[in-house]
Structures are given as C-alpha cells and as structure tokens.
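Notes follow once the structure below has been shown.
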Amino acid sequence: MANSNEPNSRDRFEAFYEEWLAGQQAILNQLLLVAAETAEKDNDCERRRSLIEQSLSHYQRYFEERNDIASDDVFVVFSSPWLSSLERAYLWIAGYRPTLILRLVESGVADLSPEQARRMDRLKAEAVRLEQEVSEAMAAVQESVAARPLVALVSRMGRAVDGEVSAIDVAMDRLRAEMVGVLESADALRGSTMRRAIEVLSPAQAVKFLVAAAEFQLRIRRWGQQRDSNREPAV
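Start counting the sequence shown at 1; every next residue gets the next number (full-length UniProt numbering).
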C-alpha cells in the first residue's frame, strides 16, 4: 500500500521545478560571465561549448522529469499548476512554442551573417510547419474525446454499471496515451529546434541566445508570480 505521506506527482514536480529554476539561474550567471568576454582563443571557445552543452542538458533534464510525471498523470502536466497564470498564457502543449525559441534568437543575437539569417529563416519555416502538424494532432485528440462515448458515459458516472465503468477506464487510458504521445512530439520539436538553432550559431552567438532564453523564462516566472500574488485576496 502506498504511503499516504508520500508527495503526489504535482508536489514532486513543484519541488523539482523550484530546484531546476535555481539551477537555471546558476547557469545563466555563468553564461552572462562568458558573454561579457571578447576573447576568441581556443580555450575560450571550448569553455563556451562546455557551457552550451551544460545548458542544453539542463533543459533535457526538465523534459525527462516532466515526462516521468506525465506517465503518472498527463492531465496535471497539461494544466501545469506549478506555473503562474502568466507563464501558462505562453504555453503550447505544456511548453513554449519552438517558434518562440527562434524569436529569442532574433532578439538575443544581432550579428547573424547573411548565410546564418537564411538558415534561420529555413529553420523557422520548418518549425512553423511542424508546429502545425503537432497542433493538428492535439486537436484530433480533443475532437476524438467528444466523438467517443466517453462524454455520455462520464455524464452518467453516478449511475454507470460495471460494463460502462470499464468502458470509461479504457477510454481514459487511451486518452492519456494519446496526450502523452502528443506531448512527446511537442517536446521533441522543442528540443530539436533549439539544438538546430545552436548549430547555426557560433559558440559566442549561442551563448547570447541561451542568455536571452534563460532571462526570458526567469523574468516571466518572476513577473507571473508577482501578478498572481497581487491578485490574491487579503486574508
């Protein structure tokens, strides 16, 4: 029997997310130090590459931990209660849009060469197309919920007989699996878009981009928490 004192999926991820954000701030501090340097010696480039990989690994850790939670409760992942209301306003399938990642390249890196700009344009066009495909897959999942007998069965939950309860369980299991599949596709697109963008950039440019991405996330977090706090009624 499970220990009733053990934290649930939401509590576990909330604790992880706060720790992850602290790690994100620490990486940002290192990125800012490196971004302020102008030398292009071999050892400096190697330092930048190491920090870039550290940052990417940190993002990957977030995806892996959140997907572990999704395997337990995909619905809580899509609702993301550990985020502020402002953070949730930016969500696309439980995370940021890949095209937002590319806009952060545009805002954070001002010295793209013509060839880099052309490659970024091609990457953006592909990201828009793939985003649409994943959005259509999510819409299909949502439409299938209404098309199945699930809605009618749930409306009768208080009166459902054993066979109908079993049908609800089967339908919910299928819905969970489909939502997890869409989430995995969205995360794969987010990850590949970030890595492909970094491949276009020099190490120094990639550091600037990662600074812009981390600052954006941490500022939205801070502003969102402040807004939510200001709206909370006085006790």
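We put the CB at the ideal spot given by N, CA and C, even for glycine.
Helix, strand or coil for residue i per DSSP?
{"i": "Glu-46", "result": "helix"}
{"i": "Ser-90", "result": "Going by the sequence as given, residue 90 is Tyr instead of Ser. If DSSP states are grouped into helix, strand and coil, Tyr-90 belongs with coil."}
{"i": "Ser-80", "result": "coil"}
{"i": "Arg-227", "result": "helix"}
{"i": "Ala-110", "result": "coil"}
{"i": "Asn-8", "result": "coil"}
{"i": "Gly-191", "result": "helix"}
{"i": "Arg-97", "result": "coil"}
{"i": "Ser-202", "result": "coil"}
{"i": "Ala-36", "result": "coil"}
Is it buried or exposed for residue i, if we count other Cβ within 10 angstroms and need 16 for buried?
{"i": "Trp-223", "result": "exposed"}
{"i": "Leu-51", "result": "buried"}
{"i": "Gln-205", "result": "buried"}
{"i": "Asp-121", "result": "exposed"}
Could you check how far apart the C-beta atoms of residue i and residue j are, in whole angstroms? I think they sit under 8 Å.
{"i": "Phe-78", "j": "Met-172", "result": "Incorrect: roughly 14 Å between the Cβ atoms, too far for contact."}
{"i": "Trp-82", "j": "Glu-14", "result": "4 Å"}
{"i": "Ser-55", "j": "Leu-210", "result": "5 Å"}
{"i": "Leu-91", "j": "Ala-197", "result": "That pair is no contact at about 20 Å."}
Ignore the nearest five residues each way along the sequence and tell me which others in residue i's own chain have a CB closer than 8 Å to its CB.
{"i": "Glu-64", "result": "none"}
{"i": "Leu-218", "result": "Leu-21, Gln-24, Gln-25 and Leu-28"}
{"i": "Arg-176", "result": "Val-74 and Phe-75"}
{"i": "Val-207", "result": "Leu-31, Val-34, Ala-35, Arg-48, Leu-51 and Ile-52"}
{"i": "Val-141", "result": "Leu-175, Glu-178, Met-179 and Val-182"}
Residue i to residue j, Cα distance in whole Å?
{"i": "Ala-214", "j": "Glu-46", "result": "21 Å"}
{"i": "residue 244", "j": "Arg-61", "result": "Residue 244 is absent from the model: the chain starts at 1 and stops at 235."}
{"i": "Gly-108", "j": "Asp-169", "result": "48 Å"}
{"i": "Asn-67", "j": "Arg-12", "result": "13 Å"}
{"i": "Ile-101", "j": "Ala-212", "result": "10 Å"}
{"i": "Tyr-96", "j": "Ser-135", "result": "13 Å"}
{"i": "Met-194", "j": "Ser-229", "result": "32 Å"}
{"i": "Ala-127", "j": "Asp-111", "result": "22 Å"}
{"i": "Val-105", "j": "Leu-189", "result": "16 Å"}
Hey, does residue i have any beta-carbon neighbour from chain C nearer than 9 Å?
{"i": "Glu-37", "result": "Absent from the structure is chain C; it holds one protein chain and no more."}
What residues in its chain sit with their C-beta under 7 Å from that of residue i, if we drop five residues either side in the sequence?
{"i": "Asn-8", "result": "none"}
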